[in-house]
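Numbering follows the working numbering, in which position 36 of the sequence shown is assigned residue number 49; successive positions increment by one, without gaps.
Note that beta-carbon positions come from the ideal geometry of N, C-alpha and C, so glycine has one too.
As structure tokens, the structure follows; a few thoughts come after it.
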Amino acid sequence: MARFPKPYPAILITFLSVLALGILSACSSPQNTFDTHADAADNILTIYIIVLVAASLVGAAVLVAMAWLLIKFRDRPGAVARQIHGNIKLEIAWTIAPIFVLLIIGIPTMFWVKGTTDEPDADVIEVLATGHQWWFEFEYPGLGPDGESLFTANELRVPVGRQVAVTLESDDVIHSFWVPQLVGKTDMVPGNTNHLQKFTPGSIGSFYGQCAEFCGSAHALMRFRVHVDSLADWSRWVASMNEPPAEPEPGSKEAAGKLAFAGCSGCHTIQGTTAQGKVGPDLTLLGDRSTLAAGIMENTDENLTAWIKDVRSIKPIPDSPRFMPSFTTMPDETIENITAYLRSSKIR
Ligand code: CUA
């Protein structure tokens, strides 16, 4: 007679998996979904825990029952199996039990999903986020000069405690917008407008975001930040974004950089100057951003110079007129001047 394998390997694998989950989920990282900082992420975490607990209990019950049955009814010399047909009590039990489990998971989920379509707060901050290969554009309608839009790139700034409504679009291929500690993930689809779930950040800080949909060679290096500021700091940033930048001192590196930057103005905008290009990221107040190159490196003189000189030494960007050229033949001094000019623009 065939003998069933002993249940120990299954029990061991399950035990080790649960242990690994416990150890790994305790890791602290800037994208840890267990460390939430906005109402939307809190709701996702709550439902996640309800589902996790329900699934764990079901899994444990099945394993215990299976182990008990395997031991109790194992083949022994002289044992004869009892022949049974049907069991009404068992049928009723395993029909009702899953209904209970599904209700426990389903009711809070339905409440939460319904909440995502609530009307926005009266003082909601609206943002249009557009995905580009491989950077994020952020537009704040009505907050720019003369009531037009305000633009920035790769670092979204919002005030703490105010609801944020982000509309998502794409300029080329499908990207996905995800800031794990603030809100769930939503795709940015070309030719289609999606709405991120509205969220209200609960703490001041910088939160990591990244593109979560494969979008080409530099997908893994398409990141961003959400800076949650106090209302006063955020208002100061908005006001500074609307002021023309201070004119660099004549004869300075910054002044030389501003002249050289004229060659970049076909693609980039610096608010309040003649640079009004719309192909690449808006560089207004670049000196105040914490990162460069779509959130992948610290904003330092050295990094910005290296980035301008040859973006292809930092990211796998195809050599095509659609993307930023490399300036490997440009004199180092010119690039350093442009760096000085760009990094001198700060909140006032
Ligand atoms: Cu954009 Cu991946």
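Task: Helix, strand or coil at K271 according to DSSP, with G and I counted as helix - done: Numbered from its first residue, the sequence shown carries residue 271 at position 258. Of the three classes helix, strand and coil, the one that applies to K271 here is helix, per DSSP.
- [ ] Counting only runs of 4+ residues fully inside the stretch 304–350, write out the alpha helix (DSSP H) ranges in chain order.
- [x] Taking 4 residues as the minimum length, the alpha helix (DSSP H) runs contained wholly in the stretch 304–350 are 314–322, in order along the chain.
Task: G229 (DSSP reduced to helix, strand or coil) - done: Sequence index remark: in the sequence shown, residue 229 carries index 216 (1-based). In the structure shown, G229 falls within a coil segment according to DSSP collapsed to helix, strand and coil.
- [ ] Compare the Cα-Cα distances from V186 to each of G174, Q176, M201, L195 and report the closest residue.
- [x] Locating residue 186 in the sequence shown gives position 173, where the first residue counts as 1. Measuring from the Cα of V186, the nearest candidate turns out to be M201.
Task: Beta-bridge partners of D242, as assigned by DSSP - done: As a position in the sequence shown, residue 242 is number 229, starting the count at 1. Under DSSP, the beta-bridge partners assigned to D242 are P172.
- [ ] Report back the beta-carbon spacing between R238 and S219 to the nearest angstrom; my notes put them in contact at under 8 Å.
- [x] Counting from one through the sequence shown, the residue named residue 238 turns up at place 225. Counting from one through the sequence shown, the residue named residue 219 turns up at place 206. With 8 Å as the limit, R238 and S219 qualify as a contact, their Cβ atoms being about 5 Å apart.
Task: Where I283 falls: helix, strand or coil (DSSP) - done: Taking the first residue of the sequence shown as 1, we reach residue 283 at position 270. Note: I283 maps to coil in three-state DSSP.
Open item on the list: Taking the beta carbon of M337 as the centre, do at least 16 other beta carbons fall within 10 Å, making it buried, or is it exposed?
Closed with: Residue 337 sits at position 324 when you count from the first residue of the sequence shown. Flag for M337 reads buried.
- [ ] Return the CA-CA distance between E260 and T199, expressed in angstroms with no decimal places.
- [x] As a working mapping, residue 260 is identified with position 247 in the sequence shown. As a working mapping, residue 199 is identified with position 186 in the sequence shown. Cα to Cα, E260 sits roughly 41 Å from T199.
Task: DSSP beta-bridge partners of H188 - done: If you number the sequence shown from 1, residue 188 lands on position 175. M201.
TODO: Compare the beta carbon distance of G215 and V173 with 9 Å and say whether it is the shorter of the two.
DONE: In the sequence shown, counting from the first residue as 1, residue 215 sits at position 202. In the sequence shown, counting from the first residue as 1, residue 173 sits at position 160. Yes, the pair counts as a contact, with Cβ atoms nearer than the cut-off.
TODO: Tell me, please, which residues DSSP counts as bridged to I105.
DONE: As a working note, residue 105 is residue 92 in the sequence shown. Looking at the DSSP assignment, I105 forms no beta bridge with any residue, so it has no partner.
- [ ] Look at the Cβ atom of V126, then the Cβ atom of L169, and state whether they are nearer than 9 Å.
- [x] Position 113 of the sequence shown, counted from the start, is the residue given in the question as residue 126. Position 156 of the sequence shown, counted from the start, is the residue given in the question as residue 169. The answer is no: Cβ separation not under 9 Å.
- [ ] To the nearest angstrom, report how far apart G290 and R335 are at their CA atoms.
- [x] As a working mapping, residue 290 is identified with position 277 in the sequence shown. As a working mapping, residue 335 is identified with position 322 in the sequence shown. Cα to Cα, the separation comes out at about 13 Å.
- [ ] Assign H145 to buried or exposed, taking buried as 16 or more other Cβ atoms, counted over all protein chains shown, within 10 Å of its Cβ.
- [x] Within the sequence shown, numbered from 1, the residue matching residue 145 stands at position 132. Classification for H145: buried.
Task: Which listed residue (Q210, Y153, K102, A68) has its alpha carbon closest to that of F113 - done: Locating residue 113 in the sequence shown gives position 100, where the first residue counts as 1. Selected option, being the one with the closest Cα: A68.
- [ ] Count the other C-beta atoms from every protein chain shown that fall within 10 angstroms of the C-beta of R302, then say buried if there are 16 or more, exposed otherwise.
- [x] Stepping through the sequence shown from its first residue, residue 302 is reached at position 289. Result: buried.
- [ ] Specify, as a first and last residue, the run of the alpha helix (DSSP H) that A74 falls within.
- [x] By 1-based counting over the sequence shown, the position of residue 74 is 61. Segment 52–85, the alpha helix (DSSP H) holding A74.
- [ ] Taking M235 as the reference, give the member of Y354, A225, L244, W320 with the closest Cα.
- [x] Here the question's residue 235 lines up with position 222 in the sequence shown. Per the Cα distances, A225.
TODO: Spatial neighbours of T341 within its chain, please: CB distance less than 7 Å, with the 5 preceding and 5 following residues excluded, ordered by chain position.
DONE: For this step, residue 341 is matched to residue 328 along the sequence shown. Cβ neighbours of T341 beyond the five flanking positions: K322, D323.
TODO: Quick one: residues in its chain with C-beta nearer than 8 Å to the C-beta of I360, no 5 flanking neighbours on either side, listed in chain order?
DONE: Taking the sequence shown and counting its residues from 1, the one referred to as residue 360 is at position 347. Closer than 8 Å at Cβ, skipping near neighbours: R249, W250, S253, L298, D301.
- [ ] For Y61, count neighbouring Cβ atoms within 10 angstroms of its own Cβ and tell me buried if that reaches 16, exposed if not.
- [x] In the sequence shown, residue 61 corresponds to position 48, counting from 1. Y61 comes out exposed.
TODO: May I ask you to report which of helix, strand or coil DSSP gives F149?
DONE: Locating residue 149 in the sequence shown gives position 136, counting from the first residue. If DSSP states are grouped into helix, strand and coil, F149 belongs with the strands.
Open item on the list: Considering only the alpha carbon of each residue, which of D295, S357, W148 lies closest to E262?
Closed with: On the sequence shown, position 249 is the one that residue 262 refers to. Closest option to E262, Cα to Cα, is S357.
Task: As assigned by DSSP and simplified to three states, the class of F47 - done: Reading the sequence shown from its first residue, position 34 is the one you call residue 47. DSSP places F47 in coil when its eight states are reduced to three.
Task: Cβ neighbours of T206 in the same chain (closer than 8 Å, five flanking residues each side left out) - done: For the purposes of this step, residue 206 is taken as residue 193 along the sequence shown, with counting starting at 1. Answer for T206: T180, L181, E182, listed in chain order.
TODO: Note down the Cα distance separating A353 from I118, rounded to an integer number of angstroms.
DONE: The residue given as residue 353 occupies position 340 in the sequence shown. The residue given as residue 118 occupies position 105 in the sequence shown. Taking the straight line joining both Cα atoms gives about 55 Å.
Task: Cα-Cα separation, T13 to H208 - done: There is simply no residue 13 to check, as the chain begins at 14 and stops at 361 in what is shown.
- [ ] Put I360 into one of helix, strand or coil per three-state DSSP.
- [x] Position 347 of the sequence shown, counted from the start, is the residue given in the question as residue 360. Reduced to three states, the DSSP call for I360 is coil.
- [ ] Would you kindly work out how many angstroms separate the C-alpha atoms of E311 and Q210, rounded to a whole number?
- [x] Looking up residue 311 in the sequence shown gives position 298. Looking up residue 210 in the sequence shown gives position 197. Going by the C-alpha atoms only, they are around 29 Å apart.
Task: Three-state secondary structure (DSSP) of G119 - done: Taking the sequence shown and counting its residues from 1, one reaches residue 119 at position 106. G119: helix per DSSP, three-state reduction.
Open item on the list: Pop quiz: Q223 and A54 are said to be a contact at Cβ under 8 Å. What is the actual Cβ separation, rounded to whole angstroms?
Closed with: Position 210 of the sequence shown, counted from the start, is the residue given in the question as residue 223. Position 41 of the sequence shown, counted from the start, is the residue given in the question as residue 54. That pair is no contact at about 15 Å.
Task: Same chain only: Cβ atoms within 8 Å of F212, ignoring 5 sequence neighbours per side - done: Start at 1 with the first residue of the sequence shown, and residue 212 comes out as number 199. Answer for F212: A51, D52, A53, A54, Q176, V177, L195, V196, listed in chain order.
Open item on the list: Could you tell me the alpha carbon to alpha carbon distance between A33 and P329, rounded to whole angstroms?
Closed with: Within the sequence shown, numbered from 1, the residue matching residue 33 stands at position 20. Within the sequence shown, numbered from 1, the residue matching residue 329 stands at position 316. Rounded to whole angstroms, the gap between the alpha carbons of A33 and P329 is 34 Å.
Open item on the list: Less than 6 Å between C-beta atoms, sequence neighbours within five positions excluded: which residues of the same chain meet that for E346?
Closed with: Taking the sequence shown and counting its residues from 1, the one referred to as residue 346 is at position 333. Within the same chain, E346 has no close Cβ partners at all.
Open item on the list: Using the three-state DSSP reduction, which class does T129 fall into: helix, strand or coil?
Closed with: As a first step, residue 129 is located in the sequence shown; it is residue number 116 there, counting from the start. Coil, per DSSP.
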